[in-house]
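Undergrad:
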Amino acid sequence: MECLNDGIASMKILLTGAAGFIGAAVSRALLLRGDEVIGVDNLNDYYDVSLKEDRLAQIVDDRKFKFVKLDIADKDTCDNLFAVEQPQRVIHLAAQAGVRYSIKNPHAYIHSNILGFLNVLEGCRHNDVEHLVYASSSSVYGANTKMPFSVHDNVDHPCSLYGATKKSNELMAHSYSHLYNLPTTGLRFFTVYGPWGRPDMSLYIFTKNILEGKAIDVFNNGEHSRDFTYIDDIVEGVVEVVDNISTSNENWIGSQPQPASSIAPYKIYNIGNNQPVELMRFIEIIENCLGKKAEKNFLSIQPGDVPATFADIDDLKREINFTPGTSIETGVARFVEWYLEYHKEE
Numbered sequence: 012m013e014c015l016n017d018g019i020a021s022m023k024i025l026l027t028g029a030a031g032f033i034g035a036a037v038s039r040a041l042l043l044r045g046d047e048v049i050g051v052d053n054l055n056d057y058y059d060v061s062l063k064e065d066r067l068a069q070i071v072d073d074r075k076f077k078f079v080k081l082d083i084a085d086k087d088t089c090d091n092l093f094a095v096e097q098p099q100r101v102i103h104l105a106a107q108a109g110v111r112y113s114i115k116n117p118h119a120y121i122h123s124n125i126l127g128f129l130n131v132l133e134g135c136r137h138n139d140v141e142h143l144v145y146a147s148s149s150s151v152y153g154a155n156t157k158m159p160f161s162v163h164d165n166v167d168h169p170c171s172l173y174g175a176t177k178k179s180n181e182l183m184a185h186s187y188s189h190l191y192n193l194p195t196t197g198l199r200f201f202t203v204y205g206p207w208g209r210p211d212m213s214l215y216i217f218t219k220n221i222l223e224g225k226a227i228d229v230f231n232n233g234e235h236s237r238d239f240t241y242i243d244d245i246v247e248g249v250v251e252v253v254d255n256i257s258t259s260n261e262n263w264i265g266s267q268p269q270p271a272s273s274i275a276p277y278k279i280y281n282i283g284n285n286q287p288v289e290l291m292r293f294i295e296i297i298e299n300c301l302g303k304k305a306e307k308n309f310l311s312i313q314p315g316d317v318p319a320t321f322a323d324i325d326d327l328k329r330e331i332n333f334t335p336g337t338s339i340e341t342g343v344a345r346f347v348e349w350y351l352e353y354h355k356e357e
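Okay, so the sequence shown: first residue is 12 according to my numbering, each after it adds one.
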């Protein structure tokens with residue numbers, strides 16, 4: 012087996028959601044360091060499929076990358092994928108995303124985020140996968156107002172079905188870690204942004220509308236703040252976590268249960284920038300990068316939204332040596348540069 016630069020042996024990794032924003036970026040990073048990646052995606056039309064195809068086009072020529080188009084919620088095809096490929100580790104990023112869309116189309120979230128995740132867990136269980144790393148979300152914090160959000164706090168009050176499905180994933184993962192000794196690590200992502208980002212995210216929408224001279228909707232009258240986290244920092248964290256297989260916490264006791272670890276090989280981490288940005292400052296940075304002011308349409312807070320997010324990343328810093336290093340000014344500038352090139356804007 013080949014060894015990577017840091018002495019870790021190269022691996023065969025199955026990655027779901029490979030055509031997604033985070034999935035494509037993580038795939039590229041794994042391939043660059045010598046891993047073999049089996050990339051899975053159903054290429055659904057939640058947003059423009061051509062963007063997903065263009066992300067894949069950046070990596071499909073790599074001889075260590077294999078793309079498989081399938082729906083993980085289809086049990087038979089998912090079972091067959093695991094049986095044929097026999098991955099050593101799994102990174103599960105496929106999901107139906109979007110807080111507001113979960114209000115319009117709740118069944119899509121149960122299909123992809125619950126049933127699909129169950130099939131992935133079963134695949135890991137029956138094929139001796141060494142470590143399952145999966146995407147959770149800051150949305151699990153829901154109605155919590157204690158800042159920064161900590162993995163050691165209770166998260167039983169989600170404000171959206173999307174958040175509820177991600178909390179459900181954490182519970183399901185724990186049960187499999189407990190029953191089958193399957194090492195699992197959940198990552199609560201905080202507002203990931205950057206080049207190749209999703210068109211339903213605020214940075215993409217704001218940039219597009221400002222360039223087209225259209226008003227941008229500013230919810231909660233601009234009194235939002237978000238822990239925006241740049242894609243390169245996210246990728247670095249995900250790759251580090253994959254290499255660090257979760258283990259049981261020998262100090263864990265049932266009379267004083269800690270939510271972020273367990274007597275089973277189970278871990279939960281926040282992965283964020285640890286530096287929330289006010290929405291109006293975020294818009295100002297976009298305006299500066301575009302050299303154009305936005306027309307703003309101030310609105311009330313939307314159902315399912317929360318006023319603020321702020322990640323406590325102390326555990327990830329201490330245990331994985333994760334330190335985000337990209338400022339919001341740098342990250343937005345890189346996105347705008349990519350957007351103008353990708354859409355051939357002048």
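No residue lacks a Cβ here, since even glycine has one placed at the ideal position from N, Cα and C.
Rounded to whole angstroms, what's the CA-CA distance from T218 to L290? Just pull it up for me.
TA: On the sequence shown, position 207 is the one that residue 218 refers to. On the sequence shown, position 279 is the one that residue 290 refers to. Approximately 14 Å between the Cα atoms of the pair.
Undergrad: Under a CB-based cut-off of 8 Å, is N192 close to chain D?
TA: Reference to chain D is not applicable here, since this structure consists of a single protein chain.
Undergrad: Report the partner residues of L67 according to the DSSP bridge assignment.
TA: Residue mapping note: residue 67 aligns to position 56 of the sequence shown, counting from 1. Answer is none; L67 lacks a bridge partner.
Undergrad: Can you tell me the Cα-Cα spacing of N232 and P318, whole angstroms?
TA: As a working mapping, residue 232 is identified with position 221 in the sequence shown. As a working mapping, residue 318 is identified with position 307 in the sequence shown. Roughly 10 Å separates the two Cα atoms.
Undergrad: Okay, do the segment 334–349 and the segment 254–269 touch, 3+ Cβ pairs below 8 Å being the bar?
TA: No, they do not touch.
Undergrad: Name the residue from Y280, V140, I114, V48 whose alpha carbon lies nearest to the alpha carbon of I331.
TA: Along the sequence shown, read from residue 1 onward, the residue named residue 331 stands at position 320. If we check each option's Cα against that of I331, Y280 comes out closest.
Undergrad: Would you identify the three-state DSSP class for L104, choosing helix, strand or coil?
TA: Within the sequence shown, the letter at position 93 stands for residue 104. Residue state, collapsed to three classes: coil.
Undergrad: Enumerate in chain order the residues of its own chain whose CB-to-CB distance from A40 is below 6 Å, with the five nearest sequence positions on each side excluded.
TA: For this step, residue 40 is matched to residue 29 along the sequence shown. Closer than 6 Å at Cβ, skipping near neighbours: V246, V250.
Undergrad: So, L92 versus L81, is the Cβ gap smaller than 8 Å?
TA: On the sequence shown, residue 92 is found 81 positions in, with the first residue counted as 1. On the sequence shown, residue 81 is found 70 positions in, with the first residue counted as 1. A contact, by the Cβ cut-off of 8 Å.
Undergrad: Are the CB atoms of V110 and Y204 within a distance shorter than 8 Å?
TA: Looking up residue 204 in the sequence shown gives position 193. Looking up residue 110 in the sequence shown gives position 99. Cβ atoms of Y204 and V110: not closer than 8 Å.
Undergrad: Would you call the segment 183–198 and the segment 288–307 in contact, with 3 or more CB pairs under 8 Å?
TA: No, because fewer than three Cβ pairs between the segment 183–198 and the segment 288–307 fall closer than 8 Å, the two stretches do not touch.
Undergrad: Rounded to whole angstroms, what is the Cα-Cα separation between Y277 and S259?
TA: As a working note, residue 277 is residue 266 in the sequence shown. As a working note, residue 259 is residue 248 in the sequence shown. One C-alpha to the other measures close to 6 Å.
Undergrad: Tell me the rounded alpha-carbon separation between F230 and L193.
TA: Position 219 of the sequence shown, counted from the start, is the residue given in the question as residue 230. Position 182 of the sequence shown, counted from the start, is the residue given in the question as residue 193. Roughly 41 Å between the two C-alpha positions.
Undergrad: Using the rule of at least 16 other Cβ atoms within 10 Å of the residue's Cβ for burial, across every protein chain shown, is R100 buried or exposed?
TA: On the sequence shown, residue 100 is found 89 positions in, with the first residue counted as 1. Classification for R100: buried.
Undergrad: Rank G34, V79, D46, Q69 by C-alpha distance to the C-alpha of N53 and give the top, closest one.
TA: Within the sequence shown, the letter at position 42 stands for residue 53. Closest by alpha carbon: V79.
Undergrad: Within the segment 36–85, note down every full beta strand (DSSP E) run reaching 3 residues or more, in order along the chain.
TA: You should have 47–52, 76–80.
Undergrad: Would you mind working out which of H354, I296, P206, N284 sits nearest I33, comparing C-alpha positions?
TA: As a working mapping, residue 33 is identified with position 22 in the sequence shown. Nearest option by C-alpha distance: P206.
Undergrad: Name the one or two DSSP bridge partners that L26 has.
TA: Within the sequence shown, residue 26 is the residue found at index 15, counting from 1. According to DSSP, which records beta bridges pairwise, L26 is partnered with G50, I102.
Undergrad: For the 8 Å Cβ check, are there 3 or more pairs between the segment 188–202 and the segment 135–155?
TA: These segments touch.
Undergrad: Output yes or no for whether 8 Å exceeds the beta carbon distance between F128 and N180.
TA: Against the sequence shown, residue 128 aligns to sequence position 117. Against the sequence shown, residue 180 aligns to sequence position 169. Their beta carbons are under 8 Å apart, which means F128 touches N180 by this criterion.
Undergrad: When we look at the beta-carbon of E357 and count the other beta-carbons within 10 Å, is it buried (16 or more) or exposed?
TA: Within the sequence shown, the letter at position 346 stands for residue 357. Interpretation of E357 is limited by its pLDDT of 44, a score under 50 that renders its predicted location unreliable; the figure taken from the coordinates is listed afterwards. Answer is exposed; the Cβ neighbour count stays below 16.
Undergrad: Once DSSP output is grouped into helix, strand and coil, what is the label at K307?
TA: Residue mapping note: residue 307 aligns to position 296 of the sequence shown, counting from 1. Residue state, collapsed to three classes: strand.
Undergrad: Under a three-way DSSP split, which group does E289 fall into?
TA: Sequence index remark: in the sequence shown, residue 289 carries index 278 (1-based). Looking at E289 - three-state DSSP - the assignment turns out to be strand.
Undergrad: Do you know how far the Cα of G283 is from the Cα of T320?
TA: Working through the sequence shown from its first residue, we reach residue 320 at position 309. Working through the sequence shown from its first residue, we reach residue 283 at position 272. One C-alpha to the other measures close to 10 Å.
Undergrad: Distance, Cα to Cα, E133 vs Q97?
TA: The residue you call residue 133 lines up with position 122 of the sequence shown. The residue you call residue 97 lines up with position 86 of the sequence shown. One C-alpha to the other measures close to 13 Å.
Undergrad: When DSSP labels each residue in this structure, what does T392 get in the three-state scheme?
TA: The first residue shown for the chain is 12 and the last is 357, placing residue 392 beyond what the model contains.
Undergrad: Taking all protein chains shown into account, do 16 or more other C-beta atoms lie within 10 angstroms of the C-beta of N375, making it buried, or fewer, making it exposed?
TA: Here the chain has residues from 12 to 357 only, and residue 375 is not among them.
Undergrad: Can you give me the C-alpha to C-alpha distance between K23 and V131, rounded to a whole angstrom?
TA: The residue labelled residue 23 in the question sits at position 12 within the sequence shown. The residue labelled residue 131 in the question sits at position 120 within the sequence shown. When rounded, the distance between both Cα atoms is 16 Å.
Undergrad: Among V162, L26, I227, which one has its Cα closest to the Cα of C76?
TA: Here residue 76 is taken as the residue at index 65 of the sequence shown, counted from 1. Note that residue 76 is Phe in the sequence shown here, rather than Cys. Among V162, L26, I227, the Cα nearest to that of F76 belongs to L26.
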